[in-house]
Amino acid sequence: MARDGRPPRKKILIMEVSTPKVEVKPVDPEKIKKIWRVAGILAIITAVEFLLAFTMDGGMLRNAIFIGMTLVKAFYIVSEFMHLKHEHKVLIWSLGLPCIFVIWLIIALLNEGSAIFSYFN
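End of the sequence shown = 149 in the numbering used here, gap-free, step of one.
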């Protein structure tokens, strides 16, 4: 207790606040070149898709080409921007094989569903 009968004041610790130091580094031209290369490849594939969309007649072949090119773009994006290309091959296969099986499952279910539908109609 203090002399005047009040409880003693609590001491407040003042900590020094440090601001993080930001170091600006020059841009790596190789990284920029790589990003432009990836963007160019994706743009070329997209341009081919647009070309096929306006020149080919609609049908199963055109749909299969679109699905294939979309899968190529998806796997390319995953390999480049998510850095899967630089991982161990076991990890790549552990992600790729289930995707292949899911695609096979969708194709098989669509085939069976259309066969059952045509059987009952």
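Think of the CB as a built atom: it goes at the ideal place given N, C-alpha and C, for glycine as much as any other residue.
CB-CB length for residue i against residue j, believed under 8 Å
i           : j          : result
residue 131 : residue 97 : Rounded, the Cβ-Cβ distance is 14 Å, inconsistent with contact.
residue 90  : residue 99 : About 15 Å; that fails the 8 Å criterion.
Endpoints, the alpha helix (DSSP H) within which residue i is located
i          : result
residue 97 : 88-109
residue 58 : 57-83
Per-residue DSSP class, three states only, for residue i
i           : result
residue 113 : helix
Residues near residue i by beta carbon distance below 7 Å, same chain, minus five either side
i          : result
residue 66 : 108
residue 87 : none
Cβ shell of residue i (< 8 Å), same chain only, five flanking positions each side left out
i          : result
residue 70 : 101, 104 and 105
Start-end ranges of the alpha helix (DSSP H) lying completely within the segment 117-149, minimum 4 residues: 117-148
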